[in-house]
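*Asks:* In our numbering, the protein residues as written are 9 to 325. Even glycine gets a Cβ: it sits at the ideal position worked out from N, Cα and C. Handing you this structure, nothing more for now.
See the structure below:
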């Protein structure tokens, strides 16, 4: 209720802007609302004459009184009403000193109070927002863990301190956490693929894989396939739009079995028998490199190494 304000709220102060518009600016700035409705512009906005009479009776308006109606969330409405009430009181003192914004049509509208002794910083233009203890606790529960805590968690999975720190600083922590547990890969192998293999693929001109593609393949990659085939699985899944079942069936067809690996290991040892006898088991290092040149991506490195070592030792007996 605004005693004695009838006709004043609809008074034009600038071309196309009335006193009610000024009050609406205060409601917008301080309450975050779109505006106000006042009786000088009613009936209108879907409010009938009968409803206006009901409001007048409810508030006990006289012929010279006006009323301001604000609709919204209780807290916002309360803040807006206080601001509107304050601006109406200032009208008795004259034009208030305030910071205003220039509009394209040459008019101005309310922006914020002028700086003063109670306003040292511009941030105080923003009305205080009450934060309840419950809201603080809810926010605290959703905060990510600190890097040190995350590193300790990763170390507990078996990762070295260096690898854990690398992972926390990388873009792949989310992928690692989503894949861990569901993946057939041990934590160290999983982290090594993300931190070492993927950057190598990029350096060699390979494509980037999305987090979703990585997580899908890493969570489902079968334990019976060589880990070196993960890159191929990603490529088949991402580029050829094959189902996971089709991807893994294709990889199993390409996989080299132990029988073929052993035959190649025997051939390689026989071909380099002089070197093998000279270096002993140390010869495996060179022979391993040659084997992997042929079988990288289609055979597990640890399996190749085991078979090669067995064949070298057999020939040295």
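(1) Please classify residue 78: does DSSP put it in a helix, a strand, or coil?
(2) What whole-angstrom Cβ distance do residue 91 and residue 47 have, given they're in contact under 8 Å?
(3) Buried or exposed: where does residue 100 fall if 16 or more other Cβ atoms within 10 Å of its Cβ makes it buried?
(4) Just the Cα atoms here: how many angstroms apart are residue 282 and residue 276?
(5) CA-CA distance, residue 18 and residue 122?
(6) So, helix, strand or coil for residue 53, using DSSP?
(7) Taking just the CA atoms, how far does residue 144 sit from residue 109?
(8) With a threshold of 8 Å on Cβ separation, who are the neighbours of residue 210 within its own chain once the five nearest residues in sequence on each side are excluded?
(9) Apart from the five residues on each side of it in sequence, which residues of its chain come closer than 7 Å, Cβ to Cβ, to residue 227?
(10) Identify every residue that forms a DSSP beta bridge with residue 45.
(11) Given this structure, state the Cα-to-Cα distance separating residue 225 from residue 194, to the nearest angstrom.
(12) Would residue 29 be called buried (16 or more neighbouring beta carbons within 10 Å of its own) or exposed?
(13) Using the three-state DSSP reduction, which class does residue 58 fall into: helix, strand or coil?
(14) Thinking C-beta only, is residue 316 closer than 8 Å to residue 271?
(15) Indicate whether residue 230 and residue 256 have their beta-carbon atoms separated by less than 8 Å.
(16) Using a Cβ-Cβ cut-off of 8 Å (strictly less than) and excluding sequence neighbours within five positions of residue 263, which residues of its own chain qualify?
(17) For residue 208, count the other beta carbons within 10 Å of its own beta carbon; 16 or more makes it buried, fewer makes it exposed. Which is it?
(18) Where DSSP assigns a beta bridge to residue 108, which residues make up the other side?
(19) Are the beta-carbon atoms belonging to residue 97 and residue 107 less than 8 Å from one another?
(20) Alpha carbon to alpha carbon, what distance is there between residue 31 and residue 61?
(21) Distance, Cα to Cα, residue 157 vs residue 198?
(22) Where residue 321 and residue 289 are concerned, what is the direct C-alpha to C-alpha distance, given to the nearest angstrom?
(23) To the nearest angstrom, how far is the alpha carbon of residue 141 from that of residue 81?
(24) Identify, in the order they occur along the chain, each residue of the same chain with its Cβ nearer than 8 Å to the Cβ of residue 258, setting aside the five sequence neighbours on each side.
(25) Return the Cβ separation of residue 73 and residue 11 in integer angstroms, given the expectation that the two are a contact with Cβ distance under 8 Å.
(26) In angstroms, rounded to a whole number, what distance separates the CA positions of residue 54 and residue 45?
(27) Give every residue of the same chain whose Cβ lies closer than 8 Å to the Cβ of residue 78, excluding the five residues on either side of it in the sequence, and list them in chain order.
(28) Name the residue from 182, 179, 213 and 175 whose alpha carbon lies nearest to the alpha carbon of residue 196.
(29) Compute the distance between the beta-carbons of residue 313 and residue 269, then report whether it is under 8 Å.
(30) From which residue to which residue does the beta strand (DSSP E) around residue 20 run?
(31) Tell me which residue opens and which closes the alpha helix (DSSP H) that residue 15 is part of.
(32) List the endpoints of the continuous alpha helix (DSSP H) containing residue 172.
(33) Please return the same chain residues whose Cβ sits closer than 7 Å to the Cβ of residue 22, not counting the five positions on each side in sequence.
(34) Buried or exposed, going by whether 16 or more other CB atoms sit within 10 Å of the CB of residue 164?
*Replies:* Looking at the atomic coordinates:
(1) Residue numbering aside, residue 78 sits at position 70 when the chain shown is read from its first letter. Three-state DSSP puts residue 78 in coil, outside helix and strand.
(2) Counting from one through the chain shown, the residue named residue 91 turns up at place 83. Counting from one through the chain shown, the residue named residue 47 turns up at place 39. In fact, because the Cβ distance is near 19 Å, the residues do not count as touching under 8 Å.
(3) As a first step, residue 100 must be located in the chain shown, where it is residue number 92. Exposed is the call here.
(4) On the chain shown, position 274 is the one that residue 282 refers to. On the chain shown, position 268 is the one that residue 276 refers to. Going by the C-alpha atoms only, they are around 11 Å apart.
(5) As a first step, residue 18 must be located in the chain shown, where it is residue number 10. As a first step, residue 122 must be located in the chain shown, where it is residue number 114. The straight-line gap from Cα to Cα measures roughly 26 Å.
(6) Position 45 of the chain shown, counting from 1, holds the residue named residue 53. Three-state result, residue 53: coil.
(7) In the chain shown, residue 109 corresponds to position 101, counting from 1. In the chain shown, residue 144 corresponds to position 136, counting from 1. Looking at the two C-alpha atoms, the distance is approximately 35 Å.
(8) Here residue 210 refers to the residue found at position 202 when the chain shown is read from its first residue. Counting only Cβ-Cβ distances below 8 Å, and skipping sequence neighbours, we find 216.
(9) Position 219 of the chain shown holds residue 227. Result list for residue 227: 187, 190 and 191, in chain order.
(10) Working through the chain shown from its first residue, we reach residue 45 at position 37. In the DSSP output, where bridge partners are listed per residue, residue 45 has 77.
(11) As a working mapping, residue 225 is identified with position 217 in the chain shown. As a working mapping, residue 194 is identified with position 186 in the chain shown. Cα-Cα distance, rounded: 15 Å.
(12) As a first step, residue 29 must be located in the chain shown, where it is residue number 21. Residue 29 should be labelled buried.
(13) Position 50 of the chain shown, counting from 1, holds the residue named residue 58. Residue 58 falls in the helix class under three-state DSSP.
(14) Stepping through the chain shown from its first residue, residue 271 is reached at position 263. Stepping through the chain shown from its first residue, residue 316 is reached at position 308. Their beta carbons are not under 8 Å apart, which means residue 271 does not touch residue 316 by this criterion.
(15) Taking the chain shown and counting its residues from 1, one reaches residue 230 at position 222. Taking the chain shown and counting its residues from 1, one reaches residue 256 at position 248. Yes, the pair counts as a contact, with Cβ atoms nearer than the cut-off.
(16) Locating residue 263 in the chain shown gives position 255, where the first residue counts as 1. Cβ within range, chain order: 233, 234, 237, 306 and 307.
(17) As a working note, residue 208 is residue 200 in the chain shown. It counts as exposed.
(18) For the purposes of this step, residue 108 is identified with residue 100 of the chain shown, where counting begins at 1. Answer by DSSP bridge pairing, in chain order: 118.
(19) Taking the first residue of the chain shown as 1, we reach residue 97 at position 89. Taking the first residue of the chain shown as 1, we reach residue 107 at position 99. No.
(20) Residue mapping note: residue 61 aligns to position 53 of the chain shown, counting from 1. Residue mapping note: residue 31 aligns to position 23 of the chain shown, counting from 1. Going by the C-alpha atoms only, they are around 23 Å apart.
(21) Position 149 of the chain shown, counted from the start, is the residue given in the question as residue 157. Position 190 of the chain shown, counted from the start, is the residue given in the question as residue 198. So the alpha carbons of these two residues sit roughly 20 Å apart.
(22) Residue 321 sits at position 313 when you count from the first residue of the chain shown. Residue 289 sits at position 281 when you count from the first residue of the chain shown. Rounded to whole angstroms, residue 321 to residue 289 spans 7 Å at the Cα level.
(23) To locate residue 141, count along the chain shown from 1; it is residue 133. To locate residue 81, count along the chain shown from 1; it is residue 73. Approximately 20 Å between the Cα atoms of the pair.
(24) Within the chain shown, numbered from 1, the residue matching residue 258 stands at position 250. Within the same chain, residue 258 has close Cβ partners 244 and 250.
(25) For the purposes of this step, residue 73 is identified with residue 65 of the chain shown, where counting begins at 1. For the purposes of this step, residue 11 is identified with residue 3 of the chain shown, where counting begins at 1. With a Cβ gap of about 5 Å, residue 73 and residue 11 count as contacting.
(26) Position 46 of the chain shown, counted from the first residue, corresponds to residue 54. Position 37 of the chain shown, counted from the first residue, corresponds to residue 45. Looking at the two C-alpha atoms, the distance is approximately 11 Å.
(27) For the purposes of this step, residue 78 is taken as the residue at position 70 of the chain shown. Cβ neighbours of residue 78 beyond the five flanking positions: 35, 39, 41, 44, 45, 85, 88, 89 and 92.
(28) Sequence index remark: in the chain shown, residue 196 carries index 188 (1-based). If we check each option's Cα against that of residue 196, 175 comes out closest.
(29) What you label residue 313 is simply residue 305 of the chain shown in a count that begins at 1. What you label residue 269 is simply residue 261 of the chain shown in a count that begins at 1. Their beta carbons are not under 8 Å apart, which means residue 313 does not touch residue 269 by this criterion.
(30) Your numbering for residue 20 matches position 12 in the chain shown. Unbroken beta strand (DSSP E) run through residue 20: 20-22.
(31) Counted from its first residue, the chain shown places residue 15 at position 7. No alpha helix (DSSP H) contains residue 15, which DSSP labels as neither H nor E.
(32) Within the chain shown, residue 172 is the residue found at index 164, counting from 1. That run of the alpha helix (DSSP H) goes 169-177.
(33) For the purposes of this step, residue 22 is taken as the residue at position 14 of the chain shown. So the list reads 115, once near-sequence residues are dropped.
(34) Along the chain shown, read from residue 1 onward, the residue named residue 164 stands at position 156. Exposed: under 16 other Cβ atoms inside 10 Å.
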